[in-house]
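Protein sequence lines correspond, in order, to chains B and Y. Numbering follows the working numbering, with no gaps: position 37 of the first sequence is 37. In short: position in the second sequence from 1, add 129, done, that's the working numbering.
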Amino acid sequence: MGNAISSLWKGITYKGGPGHYAFILHRLTGIGVATFVTLHIVDNFVVMFGEDAFSEVLNLYSNPIMRLLEVFLIFSVIYHAFNGLRVIIMDFWAPSSHMQQKLWYIMWAIVLPLSLVAAWFTLAPIFGL
Amino acid sequence: MEIVNKEYGLPKEKFKGGFETWAWFFMRISGVLLLLIAVLHLLIMHVFIRVENIEYSTVVDRWTGSWGPFWKAYDIALLVFALMHGFNGLRWVVDDYIKRPGWNAFVKALLLVVFIIVIGMGAYTVIGFTG
Numbered sequence: 001m002g003n004a005i006s007s008l009w010k011g012i013t014y015k016g017g018p019g020h021y022a023f024i025l026h027r028l029t030g031i032g033v034a035t036f037v038t039l040h041i042v043d044n045f046v047v048m049f050g051e052d053a054f055s056e057v058l059n060l061y062s063n064p065i066m067r068l069l070e071v072f073l074i075f076s077v078i079y080h081a082f083n084g085l086r087v088i089i090m091d092f093w094a095p096s097s098h099m100q101q102k103l104w105y106i107m108w109a110i111v112l113p114l115s116l117v118a119a120w121f122t123l124a125p126i127f128g129l
Numbered sequence: 130m131e132i133v134n135k136e137y138g139l140p141k142e143k144f145k146g147g148f149e150t151w152a153w154f155f156m157r158i159s160g161v162l163l164l165l166i167a168v169l170h171l172l173i174m175h176v177f178i179r180v181e182n183i184e185y186s187t188v189v190d191r192w193t194g195s196w197g198p199f200w201k202a203y204d205i206a207l208l209v210f211a212l213m214h215g216f217n218g219l220r221w222v223v224d225d226y227i228k229r230p231g232w233n234a235f236v237k238a239l240l241l242v243v244f245i246i247v248i249g250m251g252a253y254t255v256i257g258f259t260g
């Protein structure tokens, strides 16, 4: 346990600049999405027990706290997808640091607007919009 | 395949294969695929249909309607690729932070058990659902 904490701490405090933050966020969003996908498969399994049981599960997802978590989920998937694409491009085609910096900004230029639009669609119904 | 890094003058490496190299390669391939099918899944469920409108009948229409076989195949692909990508990612996280051999093997075995159970539950749901 102590070892795990110290290797985790080294991973967080390493001063690697934007690429390092991108990596940490990639990890966190990856773990988050993998956890949700696992839960999501279990909750979908309930559909096999009929309409009433499944409706109860669906009700869990409609409360405001879950809607907020839904925004995090959507951001996580979008960030993980486009940051992953950035990593793939760097792996195969763009080794220069100049290109890497550009890719970092392009990635956010895609991820932020998409996340904001998705957040609007998700949260607006809570406020009756 | 050749991985070339001209900028830093690193030696060219030939693609040699082996489990970890294939796992690395699989993450790139499945990642691009998931960028398409997982993001589209999100767009359909969260923006076009919206989560608050999803009901039992939504699932019935999706899996038993005239496009049923297409959506079942789509969801099986999503299930298999998302879980393989996700659990391989978790395996890498475990390898990075849990260094003690016993614990490392134990947590990874646990991940494998969860992976098998969940992929089984998912496949049973998608394939077995008749409405």
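Yeah, the Cβ is synthetic: ideal placement off N, Cα and C, and Gly gets one too.
Local conformation of residue i per DSSP, three classes
i                     : result
residue 258 (chain Y) : coil
residue 149 (chain Y) : helix
residue 227 (chain Y) : coil
residue 201 (chain Y) : helix
residue 70 (chain B)  : helix
residue 3 (chain B)   : helix
residue 184 (chain Y) : coil
residue 220 (chain Y) : helix
residue 15 (chain B)  : coil
residue 131 (chain B) : It is not possible to answer for residue 131 (chain B), since the shown part of chain B is limited to 1 through 129.
residue 179 (chain Y) : coil
residue 138 (chain Y) : Any reading at residue 138 (chain Y) needs caution, since the residue's pLDDT is 48, under 50, leaving its predicted position unreliable; the model's value is listed next. Residue state, collapsed to three classes: coil.
residue 128 (chain B) : coil
residue 195 (chain Y) : coil
residue 249 (chain Y) : helix
residue 160 (chain Y) : helix
residue 93 (chain B)  : coil
residue 50 (chain B)  : coil
residue 121 (chain B) : helix
Residue i: contacting residues in chain Y (beta-carbon distance under 7 Å)
i                    : result
residue 4 (chain B)  : 226 and 227
residue 12 (chain B) : By Cβ distance, chain Y contributes nothing, its closest Cβ being about 11 Å from residue 12 (chain B), past 7 Å.
Within chain Y, the residues that residue i reaches when beta carbons sit closer than 8 Å
i                    : result
residue 86 (chain B) : Under the 8 Å cutoff, chain Y gives no residues; its nearest Cβ is about 11 Å from residue 86 (chain B).
residue 28 (chain B) : Ordered by position in chain Y, no residue passes the 8 Å Cβ test against residue 28 (chain B), which lies about 10 Å from the chain.
residue 8 (chain B)  : 226
residue 81 (chain B) : 160, 163, 164, 167 and 168
Where residue i meets chain B, residues with beta-carbon distance less than 7 Å
i                     : result
residue 250 (chain Y) : 41, 42 and 45
residue 181 (chain Y) : 62 and 125
residue 211 (chain Y) : 37
residue 261 (chain Y) : As shown, chain Y starts at 130 and ends at 260. That puts residue 261 (chain Y) outside it, with no answer to give.
residue 258 (chain Y) : 47 and 48
residue 146 (chain Y) : Near residue 146 (chain Y) there are no residues of chain B at all, since even the closest Cβ is about 17 Å away, more than 7 Å.
Beta-carbon neighbours of residue i, restricted to chain B and to distances below 8 Å
i                     : result
residue 162 (chain Y) : Those do not exist, as residue 162 (chain Y) stays about 11 Å from chain B at its closest Cβ, beyond 8 Å.
residue 155 (chain Y) : What residue 155 (chain Y) touches in chain B: nothing, since even the nearest Cβ is about 12 Å away.
residue 206 (chain Y) : Residues of chain B passing the Cβ test: none, with the nearest at roughly 14 Å.
residue 254 (chain Y) : 41, 44, 45, 47 and 48
Chain-ordered neighbours of residue i on chain B, where CB pairs are closer than 9 Å
i                     : result
residue 243 (chain Y) : 38
residue 231 (chain Y) : Those within 9 Å of residue 231 (chain Y) in chain B number zero; the least Cβ separation is about 12 Å.
Within chain Y, the residues that residue i reaches when beta carbons sit closer than 9 Å
i                    : result
residue 76 (chain B) : Those within 9 Å of residue 76 (chain B) in chain Y number zero; the least Cβ separation is about 10 Å.
Interfacial residues, the segment 38–68 of chain B to chain Y, with Cβ spacing under 7 Å: 38, 41, 42, 44, 45, 47, 48, 51, 54, 55, 58, 61 and 62
Contact set between the segment 116–128 of chain B and chain Y, restricted to residues whose Cβ is under 9 Å from the partner: 117, 118, 121, 122 and 125
Contact set between the segment 183–200 of chain Y and chain B, restricted to residues whose Cβ is under 8 Å from the partner: 183, 184, 185 and 188
Contact the segment 179–187 of chain Y vs the segment 210–218 of chain Y: 3+ CB pairs below 8 Å: no
Touching by the beta-carbon criterion (3+ pairs, under 8 Å), the segment 152–167 of chain Y and the segment 81–96 of chain B: yes
Stretch-stretch touch, CB-based, cutoff 8 Å, three pairs: the segment 3–16 of chain B with the segment 216–231 of chain Y: The segment 3–16 of chain B is in contact with the segment 216–231 of chain Y.
Meets three-Cβ-pair contact criterion under 8 Å: the segment 189–197 of chain Y and the segment 100–117 of chain B: no
The segment 72–84 of chain B in contact with the segment 23–43 of chain B per 3-pair CB rule at 8 Å: yes
Sufficient close CB pairs (3 or more, under 8 Å) joining the segment 62–76 of chain B to the segment 118–125 of chain B: yes
Residues within the segment 104–116 of chain B neighbouring chain Y, beta-carbon criterion of under 7 Å: none
Touching by the beta-carbon criterion (3+ pairs, under 8 Å), the segment 231–250 of chain Y and the segment 169–176 of chain Y: At 8 Å Cβ cutoff, the stretches do not touch.
Contact list for the segment 165–176 of chain Y against chain B, Cβ threshold 8 Å: From the segment 165–176 of chain Y, only 167, 168, 171, 175 and 176 have a Cβ closer than 8 Å to chain B.
The segment 50–58 of chain B contacting the segment 99–113 of chain B, beta-carbon criterion three pairs below 8 Å: no
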